[in-house]
Structure formats: structure tokens, C-alpha cells
Amino acid sequence: MAKKEIIVVGGGIGGLTAGAMLAQAGCRVTILEASREWGGCAGKFQRNQFLFASGATLGMGLEKGGIHERIFRHLGIKTDAQRLDSVMKIKQGDRTLTFHADRQQHVQALQQAFPQKKNEISGFYEEVYQKAAKIRLLMKKLPILPVKTGKEAFELLSSLRPAHVSLTPDFFKTISSLLKKHDLHTCHDLVSFIDGQLIDSMQTTSRDCALLMGVLALDIYHEGAFYVQGGLYQFAYELMNAAKRNGAQAILGRRVTSIKKVGDRFEIEDHRGKIRTADHVICNAPIQSLPGLLDHPSYLQLSTGLKKRAKKDTWGTMTAYLSLKDAYLPADFPLFQQLMNPDGKGHDEGDHLFLSISDPHDRLRAPEGYRTLTVSTHINLDHWKNDEQYEENKALFTEKMLRTIRAYYPAIDEALVELYPGAPKAWERFTYRPSGMVGGFPQTRSHSLFLSVSHRTSLKNFWLCGDSVFPGGGTIGVSVSGYHCFHSITGRKLIQ
Numbered sequence: 010m011a012k013k014e015i016i017v018v019g020g021g022i023g024g025l026t027a028g029a030m031l032a033q034a035g036c037r038v039t040i041l042e043a044s045r046e047w048g049g050c051a052g053k054f055q056r057n058q059f060l061f062a063s064g065a066t067l068g069m070g071l072e073k074g075g076i077h078e079r080i081f082r083h084l085g086i087k088t089d090a091q092r093l094d095s096v097m098k099i100k101q102g103d104r105t106l107t108f109h110a111d112r113q114q115h116v117q118a119l120q121q122a123f124p125q126k127k128n129e130i131s132g133f134y135e136e137v138y139q140k141a142a143k144i145r146l147l148m149k150k151l152p153i154l155p156v157k158t159g160k161e162a163f164e165l166l167s168s169l170r171p172a173h174v175s176l177t178p179d180f181f182k183t184i185s186s187l188l189k190k191h192d193l194h195t196c197h198d199l200v201s202f203i204d205g206q207l208i209d210s211m212q213t214t215s216r217d218c219a220l221l222m223g224v225l226a227l228d229i230y231h232e233g234a235f236y237v238q239g240g241l242y243q244f245a246y247e248l249m250n251a252a253k254r255n256g257a258q259a260i261l262g263r264r265v266t267s268i269k270k271v272g273d274r275f276e277i278e279d280h281r282g283k284i285r286t287a288d289h290v291i292c293n294a295p296i297q298s299l300p301g302l303l304d305h306p307s308y309l310q311l312s313t314g315l316k317k318r319a320k321k322d323t324w325g326t327m328t329a330y331l332s333l334k335d336a337y338l339p340a341d342f343p344l345f346q347q348l349m350n351p352d353g354k355g356h357d358e359g360d361h362l363f364l365s366i367s368d369p370h371d372r373l374r375a376p377e378g379y380r381t382l383t384v385s386t387h388i389n390l391d392h393w394k395n396d397e398q399y400e401e402n403k404a405l406f407t408e409k410m411l412r413t414i415r416a417y418y419p420a421i422d423e424a425l426v427e428l429y430p431g432a433p434k435a436w437e438r439f440t441y442r443p444s445g446m447v448g449g450f451p452q453t454r455s456h457s458l459f460l461s462v463s464h465r466t467s468l469k470n471f472w473l474c475g476d477s478v479f480p481g482g483g484t485i486g487v488s489v490s491g492y493h494c495f496h497s498i499t500g501r502k503l504i505q
């Protein structure tokens, strides 16, 4: 029997996962990445002697049974990662909270911070952890949502247990409703703390975050959070090398400009005019890229719902990359932290920052005595449409982010060696994401679970993976979507 020929468009974590697993299964795989770097939003770039993590920085899913651990074990990949007992610090003006990996310690610390809500916090997190445990039991077999075929329905039903019946009413609720149930909705600093976790993982806050996705997000750090030496780009390179070991071609600097369905096969043309053919195409690009990638007749074969969502913008990000002298940083400067603008009220537009700094001993990212720092905030791309506004915003946001860092770390200017701003056009230019969109759709009730975008499209043998589709963003989410493409094409399953 002839081997299936598969082209993966995009070398982010999702596409590389699909490509590596399909190559190991015996398919003929070609992975085409437009940029000169693997990893997409989990990539890297070099400036002089400093290496910066582009976006995603906190390692997840490496614990026993975690999605990355399972995929890497399936592919024979080993990683150099340090498990964190203290996942991150969260600074809110005069208050500093710690996200502890241990669940009991985490709850006790929050009870100490908010003693007037001690019993309510206990009840809230007990329910969060109970619901998350039930969902993880369901997700162990990685069922596909939304269900599109009889086989997918059967696999979902086979994953269900009696305990899952109790989750049914939660499909229609938000995290905000759970906070209100436990009388925590008026405890503004605690809600802000929870919103900080949700905005970075679910792309939305408690008011709109779907409850079932939200409890997973609030629980997932307790399953395992890791510092990866060098950065999460290591995942991308390990996956790429695994794909190559199994015979795949993995090519950088090949921007796909056209995907055309011709009979039962596809013709894929790159920016150099080279045309490749394949039985299957896996598109590891945001669905907003589809109108420009697919030829018109093929695009018309997509479902109305998918085409409608392909016209919707998602978040953008403003990022700052700093190289720092370690001697000027406090000894307890956390590897990961969130900083709230002392004068701000929201969790976007520079009022909420996520910081990731290299470990002092990580020689892959900085020479001895120096460290590299990635700082990011969510932004509304509607405010960055014209050139004059864009340049003004770029300068204003850079300074706003620095002001917030200075509020907590006054010596940051003495530590600073160089600063590189990463505005939306940089993300568009280097990762080819339309308008610089990152993170995928917010995991609200209208965008998650049964209402999310499927990896399966109505254009036969044209598949999607990445942060636009179920189960969403983050390296865990995109890896699951890559696995779903592998599973649907081959019928094979990931080892337990």
C-alpha cells in the first residue's frame, strides 16, 4: 500500500507534533515553515550573545501522564526541565501572592492572604479541584470536540464515566458563577488573582471564561509546571528532529502561498513557485489565514461557521525583551511572575504583565552574570490599525510596561543592557500570524468545547491544528490538536 503523503503548513508546536507522529507512523511527511525559526509563538530569537523566548515560556504537561510527557515518550524524546514548587509570584500593589504547586499549600496561602474569606476559599477550590479531576479523567483518552463523525462520537462516549453526568449543568456556566456561588465575587483582589491566571491561559477572565475550561486552567499548574533549559523552543526542535529521524522533510523559509484541491489531492505552492502535492494537508496556521491560503473554490467548500470565525480577530500582544545584569536584580526575582499596574484596573492593555526570566545558570539564554527577560501583555489590535497610531502605541506601551516593572523593581534601569520591543507587526513579520494575532480564541462559552473549531474541516483531508481549534492555545492545547490530526488520519492512538 502506498504511503500517505502529508504536507504540514506551519512549524509551530502543533504542526510539528502532527508531523513527527505521522512520520513515525510511516507517512511521507513534509513540514513547511515560512520563517527561519521553528516553534511559532514558542520560538526564539538571538540578539548578540542573548537568546530570547519569543512568547510561550512556562513548561506544562511534562509530568507523568501529561500530554507532552506522553507525546515525547511516544516519540522517544527526552527534555531537560526543572519542576517548580513555586510556579509564579503575583504582585498586586502592596500585596504579593504565590501560586504554589501543592494544592493544599496553595489554598492555605490564599486563606492567609484573605482571612475574612477563609471558608469560602476552601469551598471554591475544593469544587475547582473536584471538577478538574473529573475532566482530566475524561481527557485521558483525548476525545475529539466538537464531534463531527460517528467514530468521534463513539470515542467520546467511551471516555465518559458516571461521574461526568454531574458536569452537564456546568456547560452553561462561567467561572464568575462559581465565584458568586462561594461568595467570592466581591473579593476583588482574589478575583484579580484568578483573572490573571485565566487571561494568560484561557485568553479571557472569570466573567466570561467557560467554567469547565476555567477549572482546568486553575488546576493545571498543580499537575506540573516546569522551567525548560533554553526555553520552550526546545520542544519544537526535539519534535522537528524526531520527525526527521523518521524520514520527514522539515524545511524552514518556505512560505506557502496557495493550497488548491485538485481531484483527490492537493497542490501546495510556496513563495518561490515550487509546487508540491499531497494526499492530506495539515494547516498549523490561524484560521484567519485560510482566506489567503486556500484557492477560492477550495475555500468555498469550508463550512459557513468556519468561514465566519476566520473573519474574527483575536488578541494581540505587546512584548518587551530585555537583557539584564544579574547583579542588579534581587536574589528572589522569580522565574515567572505577573505584575499588576498599581494604577490599573484591567488585565490587558499593559495593566497586567507576565514576566519570564532566564534561570541564573541557564547558559543557553545568556552568558554568566546576565539574564534575559520576556515581558508581555494582551492588547486590542483594533487600536493598532494605522501607522501613526501604531508607532505612538509602540512607544507608549513600552514605557507603560517599564513603569510597572519599575514600581516593583526600582533597580531595573541599572540592570538593563538592551531592550527590544515586540509589537504586533513583529509577530506578523516573524511568525506570519495575520495582524499579529496570538493565543487563539478566548475560551468563552461560545468558543469552547462543543462550540469550538474542529480540527476536521468539510474540505476532505484538509485538517487544522494550532491555537484556533479545540482545545485552544498554549503548548498543551496545540499539541492535542496536532495529535487529533494524527489520530484522524491514521486511526492510531497515543500510548498511555
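For the sequence shown, position 490 (counting from the first letter as 1) is numbered 499 according to our numbering, and the numbering increases by one without interruption.
The C-beta atom is built at its ideal place from N, Cα and C for all residues, glycine as well.
Do A226 and S201 have their CB atoms nearer than 7 Å? As a first step, residue 226 is located in the sequence shown; it is residue number 217 there, counting from the start. As a first step, residue 201 is located in the sequence shown; it is residue number 192 there, counting from the start. Their beta carbons are not under 7 Å apart, which means A226 does not touch S201 by this criterion.
DSSP-derived helix/strand/coil call for M10: As a working mapping, residue 10 is identified with position 1 in the sequence shown. Legend: pLDDT at M10 = 47, less than 50; position of this residue unreliable, value from coordinates given subsequently. DSSP places M10 in coil when its eight states are reduced to three.
Sheet register partners of P430 (DSSP bridge): Translated into positions along the sequence shown, residue 430 becomes position 421. P430 pairs with A329.
Can you give me the C-alpha to C-alpha distance between A257 and Q125, rounded to a whole angstrom? On the sequence shown, residue 257 is found 248 positions in, with the first residue counted as 1. On the sequence shown, residue 125 is found 116 positions in, with the first residue counted as 1. In a straight line, the C-alpha of A257 is about 58 Å away from that of Q125.
Which residues in the same chain have their Cβ closer than 6 Å to the Cβ of V38, if we skip the five residues on either side of it in sequence? Along the sequence shown, read from residue 1 onward, the residue named residue 38 stands at position 29. Within the same chain, V38 has close Cβ partners I15, G28, L31, A32, A257.
So who's on the other strand from G491, going by DSSP bridges? As a working note, residue 491 is residue 482 in the sequence shown. Partner(s): none; G491 has no beta bridge.
Given 8 Å, three or more beta-carbon pairs between the stretch 52 to 68 and the stretch 427 to 441: yes
Determine the extent of the alpha helix (DSSP H) in which T158 is found, giving its start and end residues. Within the sequence shown, numbered from 1, the residue matching residue 158 stands at position 149. Element bounds for T158: n/a, residue is neither H nor E.
Would you say D341 lies against chain B (beta-carbon separation less than 7 Å)? Here chain B cannot be found, since the structure has a single protein chain.
Should F59 be labelled buried (16 or more other beta-carbon atoms within 10 Å of its own) or exposed? Translated into positions along the sequence shown, residue 59 becomes position 50. Classification for F59: buried.
In three-state DSSP terms, what is G132? Against the sequence shown, residue 132 aligns to sequence position 123. G132: helix per DSSP, three-state reduction.
In three-state DSSP terms, what is M249? Position 240 of the sequence shown, counted from the start, is the residue given in the question as residue 249. Helix, per DSSP.
Residues near K140 by beta carbon distance below 6 Å, same chain, minus five either side: To locate residue 140, count along the sequence shown from 1; it is residue 131. Once the five neighbours on either side are set aside, the close Cβ partners of K140 are V224.
Check whether the Cβ atoms of G359 and K394 lie closer than 7 Å to each other. Within the sequence shown, residue 359 is the residue found at index 350, counting from 1. Within the sequence shown, residue 394 is the residue found at index 385, counting from 1. Against a cut-off of 7 Å, the Cβ pair of K394 and G359 comes out as no contact.
Measure the Cβ-Cβ separation of M97 and Q452 and say whether it is below 7 Å. Residue 97 sits at position 88 when you count from the first residue of the sequence shown. Residue 452 sits at position 443 when you count from the first residue of the sequence shown. Not a contact, by the Cβ cut-off of 7 Å.
Whose C-alpha, out of T177, Y134, G483, A90, is nearest the C-alpha of H370? The residue labelled residue 370 in the question sits at position 361 within the sequence shown. Here the closest residue by C-alpha is A90.
Alpha carbons only, please: which of G475, L299, S332 is nearest the one belonging to V426? Counted from its first residue, the sequence shown places residue 426 at position 417. For the residues G475, L299, S332, the minimum Cα distance to V426 belongs to S332.
With a Cβ-Cβ cutoff of 7 Å, do R328 and G431 count as a contact? What you label residue 328 is simply residue 319 of the sequence shown in a count that begins at 1. What you label residue 431 is simply residue 422 of the sequence shown in a count that begins at 1. First, the residue type needs correcting, since residue 328 is Thr and not Arg in the sequence shown. Yes.
Kindly list the residues whose CB is nearer than 8 Å to the CB of R415, restricted to its own chain and excluding five residues on each side of it in sequence; keep chain order. Mapped onto the sequence shown, residue 415 falls at position 406. The answer, listed in chain order, is I421, D422.
Contacting residues, own chain, Cβ-Cβ under 7 Å from L71 (five flanking each side not counted): Against the sequence shown, residue 71 aligns to sequence position 62. Non-local beta-carbon contacts of L71 in its own chain, meaning distances under 7 Å to residues more than five positions away in sequence, involve H77, E78, T88, A90, G233, F235 in chain order.
Could you give the DSSP three-state label for C474: helix, strand or coil? Position 465 of the sequence shown, counting from 1, holds the residue named residue 474. Looking at C474 - three-state DSSP - the assignment turns out to be coil, as it is neither helix nor strand.
Backbone CA spacing between T383 and M148 [nearest angstrom]: To locate residue 383, count along the sequence shown from 1; it is residue 374. To locate residue 148, count along the sequence shown from 1; it is residue 139. Computed Cα separation, rounded: 32 Å.
Straight-line gap, M69 to S463 (C-alpha atoms, nearest Å): Your numbering for residue 69 matches position 60 in the sequence shown. Your numbering for residue 463 matches position 454 in the sequence shown. Rounded to whole angstroms, M69 to S463 spans 23 Å at the Cα level.
At the level of alpha carbons, what is the spacing between R263 and P419? Working through the sequence shown from its first residue, we reach residue 263 at position 254. Working through the sequence shown from its first residue, we reach residue 419 at position 410. In this model, R263 and P419 are separated by some 44 Å (Cα to Cα).
Helix or strand or just coil, what does DSSP make of M222? Within the sequence shown, the letter at position 213 stands for residue 222. Correct three-state label for M222: helix.
Secondary structure of H109, DSSP reduced to three states: As a first step, residue 109 is located in the sequence shown; it is residue number 100 there, counting from the start. Note: H109 maps to strand in three-state DSSP.
Would you kindly check if the distance between the Cβ of I184 and the Cβ of C218 is under 7 Å? For this step, residue 218 is matched to residue 209 along the sequence shown. For this step, residue 184 is matched to residue 175 along the sequence shown. Yes, these two residues count as a Cβ contact at 7 Å.
Suppose you measure from the CA of S312 to the CA of P155; what does that come to, to the nearest Å? Your numbering for residue 312 matches position 303 in the sequence shown. Your numbering for residue 155 matches position 146 in the sequence shown. Rounded to whole angstroms, S312 to P155 spans 14 Å at the Cα level.
In this structure, does DSSP put K316 in helix, strand or coil? For the purposes of this step, residue 316 is taken as the residue at position 307 of the sequence shown. Helix, per DSSP.
Closest to L199 by C-alpha separation, out of H231, I291, G240, Q101, would be which residue? Reading the sequence shown from its first residue, position 190 is the one you call residue 199. Of the candidates H231, I291, G240, Q101, the one whose C-alpha sits nearest the C-alpha of L199 is Q101.
What did DSSP end up calling R415 once you bin it into helix, strand or coil? Taking the first residue of the sequence shown as 1, we reach residue 415 at position 406. If DSSP states are grouped into helix, strand and coil, R415 belongs with the helices.
Got a sec? Which residues, its chain only, sit under 6 Å from G481 by beta carbon, not counting five neighbours each side? In the sequence shown, residue 481 corresponds to position 472, counting from 1. Closer than 6 Å at Cβ, skipping near neighbours: G449, Q452.
Straight-line gap, C292 to G491 (C-alpha atoms, nearest Å): The residue given as residue 292 occupies position 283 in the sequence shown. The residue given as residue 491 occupies position 482 in the sequence shown. The straight-line gap from Cα to Cα measures roughly 10 Å.
Simplified DSSP state of L71, which is helix, strand or coil: Locating residue 71 in the sequence shown gives position 62, counting from the first residue. Residue state, collapsed to three classes: coil.
Helix, strand or coil for K190, going by three-state DSSP, please let me know. In the sequence shown, residue 190 corresponds to position 181, counting from 1. Of the three classes helix, strand and coil, the one that applies to K190 here is helix, per DSSP.
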